[in-house]
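Chemist: Numbering (the working numbering), first residue to last: -3 to 703. Note that CB positions come from ideal geometry on N, CA and C, so glycine has one too. Being a predicted model, the structure only gives us computed values, none of them experimental.
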DNA sequence: CAGCGACATATTTTT
DNA sequence: TATGTCGCTG
């Protein structure tokens, strides 16, 4: 492989980033500017030029998808299998480190990862145990509190003075929750990072090991890192390491989850003279689309500043559709799709993007009606399906008898006569003797001779026999045996739930394809698979040619020839609740920026004047983001509107004002937000550009409709 | 212990 | 509207 091949086709900024020899490098990469490419090519460059061996490189992403893609593309360029390269998600990398140093991290070899579902269940149990009222101490708030604390590297002993406004119960539950997880050898998502953070902080020899190992640390989507991830990056990079971070503050859309795009600035301040490289040439979108994106995002004040440009032609105008109703909007989307199909566009190059999941329904209905294949992203994850979790719970219990959560899940599924009462007494015994639920089961079994105890006896035998049976079997056989011996398959079949049975066999084939990536880890195949199930959503690349439906959040990182952004209305997008949050509006605007920049060739925007929300119709006004578009340049936009229901003329006139731009002699230019009343009582609420929001009686106000 | 009706609840969710 | 959770009853 020649040097030119790795650098071929890169623009000068991209090349600068790829070959930079600075100690710390901050790449501000605009949407569609080839950021993934730069990361991949830099890894290839470092290896190819023998600047670093692959085992001396650490590359971190946020999603499994991104890390898979990077690994694949990097090894394609180098034409080698990059087995020694540490490339993965924050959680994947940290999990690997915990497996390597489990003892130093205070864990046993068979520790397991729990998802947010399990976490919530444990918290609920603890709230009940402590006798708190879940009406006041909401399990979800507590979960959020705990996760937030862990994201800031805070243990329960620290939270009391850091969050003094929180009720004492929160701190107590956190304390108890962590004790429970430690006992059961379970770690939640936040814990994966926190444990490694503490491990590196407190164990110099392990830290030194990684400082010697990793000479190049590369982080993707840096704007999405939270506090502890940022600190983790600092900890794992030694004095000799080069730190290379890539991010885009304009695409920070996870601030509500604790992501701090400020970390980009922080990096600039904290690292010694980082080389700042901006990737501003966009290769993705037509110029008209790019100009629209730039216009939107320029309304944000909190920006590092970047101006995307493109050598691409203007391209096709953006279509703006003014729909009477949400159903008409759906109809519009379908017509648009059909037109695109007639132009030869394939379905997988068409996406419908919306702000919230509930909006997908109408589009689905129309697509089904028209027999157009579609795919919804971000819905159910394979490993989250109940039947899958049931099978895995059996295996979790077998591999780790102190996993109470797993036991609770399956002790009576399929039903075997161990009800609530029996479980209560198990819980009591476990609490009293400070033992696991499993050990509690064993102790009950010995002491009594009742109906429940014979059911328990059978349960214990089932688990023990299964454990023996699969002890030396390979992974797929372990799963097959579990499906069969536990009666899960039978239970589903008798309920005619055949698609769930199919999923069970999909689980078997998932295990057949599973292999442990890490040779350096001494880990049981089953433990590895269970962790994989917790950390990977099991999404498989599917190649069927279907229309893509997803939220804007899940569209980040993707691109399509044709993008239809629907529901561009005040209250929906920007979402009502975000407008009230601190900096919420700017995040919504970034979301809008992300939505627009997904489009390569054609962009369609639509809003509905009336929408059914929670059962009742409400009237809506177009999103402020529509007004922020450079619509004056008419040739760049096609505005479409169809009125099926002609508004009646004399009465009911206020409705015609909603959303319109109006001119008032005293107050100047404004936009009508809502209206009420008829005839001489008709009033409108106007948001004036300079004078704020006012209610005006139409009869006297002398409003002039501008557009 | 399953099944039903009452009741609240209703952004976004990389791991 | 639609979905999930809770508590009571058969």
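Okay, do the segment 69 to 87 and the segment 540 to 554 touch, 3+ Cβ pairs below 8 Å being the bar?
Modeler: No: fewer than three Cβ pairs fall under 8 Å.
Chemist: Since I believe residue 172 is in contact with residue 122 (beta carbons under 8 Å), could you give me their beta-carbon distance rounded to a whole number of angstroms?
Modeler: As a working mapping, residue 122 is identified with position 126 in the first chain. As a working mapping, residue 172 is identified with position 176 in the first chain. That pair is a contact at about 5 Å.
Chemist: Would a C-beta distance cut-off of 7 Å place residue 479 and residue 562 closer than the cut-off?
Modeler: One-based indexing of the first chain puts residue 479 at position 483. One-based indexing of the first chain puts residue 562 at position 566. Result no, Cβ atoms of residue 479 and residue 562 do not sit closer than 7 Å.
Chemist: Is residue 268 near residue 9, with beta carbons less than 7 Å apart?
Modeler: Position 272 of the first chain, counting from 1, holds the residue named residue 268. Position 13 of the first chain, counting from 1, holds the residue named residue 9. Contact flag unset, no.
Chemist: Taking its Cβ as the centre, do 16 or more other Cβ atoms sit within 10 Å of residue 482, making it buried, or is it exposed?
Modeler: Start at 1 with the first residue of the first chain, and residue 482 comes out as number 486. With 16 or more Cβ atoms within 10 Å of its Cβ, residue 482 is classed as buried.
Chemist: Going by beta-carbon coordinates alone, are residue 80 and residue 125 separated by less than 7 Å?
Modeler: Stepping through the first chain from its first residue, residue 80 is reached at position 84. Stepping through the first chain from its first residue, residue 125 is reached at position 129. In this structure, residue 125 does not lie closer than 7 Å to residue 80 by Cβ.
Chemist: What first and last residue would you give for the alpha helix (DSSP H) that runs through residue 484?
Modeler: To locate residue 484, count along the first chain from 1; it is residue 488. Note, residue 484: alpha helix (DSSP H), 484 to 490.
Chemist: Mind checking whether residue 474 and residue 434 have CB atoms under 7 Å apart?
Modeler: Taking the first chain and counting its residues from 1, one reaches residue 474 at position 478. Taking the first chain and counting its residues from 1, one reaches residue 434 at position 438. In this structure, residue 434 does not lie closer than 7 Å to residue 474 by Cβ.
Chemist: I need the straight-line Cα distance from residue 197 to residue 464, nearest angstrom please.
Modeler: For the purposes of this step, residue 197 is taken as the residue at position 201 of the first chain. For the purposes of this step, residue 464 is taken as the residue at position 468 of the first chain. Approximately 41 Å, taken between the alpha carbons.
Chemist: Using a Cβ-Cβ cut-off of 7 Å (strictly less than) and excluding sequence neighbours within five positions of residue 186, which residues of its own chain qualify?
Modeler: Position 190 of the first chain, counted from the first residue, corresponds to residue 186. The answer, listed in chain order, is 143, 146, 147.
Chemist: Which runs of the alpha helix (DSSP H) spanning at least 4 residues fall entirely within the segment 101 to 156, listed in chain order?
Modeler: Whole alpha helix (DSSP H) segments, 4+ residues: 112 to 125, 135 to 147.
Chemist: Verify whether the separation of the beta carbon atoms of residue 48 and residue 42 is less than 7 Å.
Modeler: Working through the first chain from its first residue, we reach residue 48 at position 52. Working through the first chain from its first residue, we reach residue 42 at position 46. Contact flag set, yes.
Chemist: Could you give the first and the last residue of the continuous beta strand (DSSP E) run that contains residue 317?
Modeler: The residue given as residue 317 occupies position 321 in the first chain. Looking at the DSSP string, the run of the beta strand (DSSP E) that includes residue 317 is 314 to 321.
Chemist: Which runs of the beta strand (DSSP E) fall wholly inside the segment 572 to 641 and span at least 3 residues, in chain order?
Modeler: Runs of the beta strand (DSSP E) inside the segment 572 to 641: 595 to 609, 612 to 615, 633 to 637.
Chemist: With distances taken Cα to Cα, identify the nearest neighbour of residue 353 among 671, 57, 58, 609.
Modeler: Residue mapping note: residue 353 aligns to position 357 of the first chain, counting from 1. Here the closest residue by C-alpha is 609.
Chemist: Just reading off the beta strand (DSSP E) that residue 658 is part of, what are its end residues?
Modeler: For the purposes of this step, residue 658 is taken as residue 662 along the first chain, with counting starting at 1. Where residue 658 is concerned, the enclosing beta strand (DSSP E) stretches over 657 to 660.
Chemist: Could you tell me which residues DSSP pairs with residue 666 in its beta bridges?
Modeler: Here residue 666 is taken as the residue at index 670 of the first chain, counted from 1. Paired residues: 658, 684.
Chemist: Go to residue 525, then tell me how far its beta strand (DSSP E) extends in each direction, as first and last residue.
Modeler: Within the first chain, the letter at position 529 stands for residue 525. Counting along the chain, residue 525 falls outside any beta strand (DSSP E), though it belongs to the alpha helix (DSSP H) covering 521 to 531.
Chemist: Roughly how many angstroms separate the alpha carbons of residue 556 and residue 663, rounded to a whole number?
Modeler: Sequence index remark: in the first chain, residue 556 carries index 560 (1-based). Sequence index remark: in the first chain, residue 663 carries index 667 (1-based). Answer to the nearest angstrom: the Cα atoms are 43 Å apart.
Chemist: Put residue 310 into one of helix, strand or coil per three-state DSSP.
Modeler: What you label residue 310 is simply residue 314 of the first chain in a count that begins at 1. Residue state, collapsed to three classes: coil.
Chemist: So, for residue 325: in the same chain, excluding its five sequence neighbours on each side, which residues have a beta-carbon less than 8 Å away from its beta-carbon?
Modeler: Residue mapping note: residue 325 aligns to position 329 of the first chain, counting from 1. Same-chain partners within the cutoff: 317, 319, 358, 562, 563, 602, 603, 604.
Chemist: Between the alpha carbons of residue 502 and residue 531, how many angstroms are there, rounded?
Modeler: Here the question's residue 502 lines up with position 506 in the first chain. Here the question's residue 531 lines up with position 535 in the first chain. For residue 502 and residue 531, the distance between alpha carbons rounds to 18 Å.
Chemist: Assuming residue 370 contacts residue 542 (C-beta within less than 8 Å), just tell me the rounded distance between them.
Modeler: Here residue 370 refers to the residue found at position 374 of the first chain. Here residue 542 refers to the residue found at position 546 of the first chain. Confirmed, Cβ separation roughly 5 Å.
Chemist: Beta carbon of residue 598, beta carbon of residue 312: below 7 Å?
Modeler: For this step, residue 598 is matched to residue 602 along the first chain. For this step, residue 312 is matched to residue 316 along the first chain. Result yes, Cβ atoms of residue 598 and residue 312 sit closer than 7 Å.
Chemist: Answer with buried or exposed for residue 582, where buried requires no fewer than 16 other C-beta atoms within 10 angstroms of its C-beta.
Modeler: On the first chain, position 586 is the one that residue 582 refers to. Buried is the call here.
Chemist: What is the rounded straight-line gap between the Cα of residue 379 and the Cα of residue 32?
Modeler: Taking the first residue of the first chain as position 1, residue 379 is located at position 383. Taking the first residue of the first chain as position 1, residue 32 is located at position 36. In a straight line, the C-alpha of residue 379 is about 28 Å away from that of residue 32.
Chemist: Checking 7 Å against the spacing of the C-beta atoms, do residue 314 and residue 288 come in under that value?
Modeler: Within the first chain, the letter at position 318 stands for residue 314. Within the first chain, the letter at position 292 stands for residue 288. Yes; because the gap between Cβ atoms is below 7 Å, this pair is in contact.
Chemist: Which of the three DSSP states, helix, strand or coil, is assigned to residue 88?
Modeler: Within the first chain, residue 88 is the residue found at index 92, counting from 1. Note: residue 88 maps to helix in three-state DSSP.
Chemist: Throw me the rounded Cβ distance for the residue 553 and residue 279 pair, which I believe falls under 8 Å.
Modeler: In the first chain, the residue the question calls residue 553 occupies position 557. In the first chain, the residue the question calls residue 279 occupies position 283. Between residue 279 and residue 553 the Cβ distance is about 15 Å, and since that is not below 8 Å, they are no contact.
Chemist: Flag this pair as touching only if the segment 210 to 223 and the segment 240 to 252 have three or more C-beta atom pairs under 8 Å; answer yes or no.
Modeler: Contact holds: three or more Cβ-Cβ distances are below 8 Å.
Chemist: When you compare only the Cα positions, how much space is there between residue 247 and residue 511?
Modeler: Counting from one through the first chain, the residue named residue 247 turns up at place 251. Counting from one through the first chain, the residue named residue 511 turns up at place 515. Near 34 Å, if we compare the C-alpha coordinates of residue 511 and residue 247.
Chemist: Assuming residue 25 is part of the beta strand (DSSP E), what are its boundary residues?
Modeler: The residue given as residue 25 occupies position 29 in the first chain. Where residue 25 is concerned, the enclosing beta strand (DSSP E) stretches over 20 to 25.
Chemist: By how many angstroms is the C-alpha of residue 27 removed from the C-alpha of residue 640?
Modeler: Taking the first residue of the first chain as 1, we reach residue 640 at position 644. Taking the first residue of the first chain as 1, we reach residue 27 at position 31. Per-residue confidence for residue 640 stands at a pLDDT of 35, beneath the threshold of 50, marking its modelled position as unreliable; the derived number appears in the next sentence. About 38 Å.
Chemist: From the DSSP output, in three-state form, read off residue 55 for me.
Modeler: Counting from 1 along the first chain, the entry for residue 55 is found at position 59. If DSSP states are grouped into helix, strand and coil, residue 55 belongs with the strands.
Chemist: Apart from the five residues on each side of it in sequence, which residues of its chain come closer than 6 Å, Cβ to Cβ, to residue 251?
Modeler: Position 255 of the first chain, counting from 1, holds the residue named residue 251. Closer than 6 Å at the Cβ level, and outside the excluded window around residue 251, lie 583.
Chemist: For the beta strand (DSSP E) containing residue 274, name the first residue and the last one.
Modeler: Taking the first residue of the first chain as position 1, residue 274 is located at position 278. Its beta strand (DSSP E) spans residues 271 to 275.
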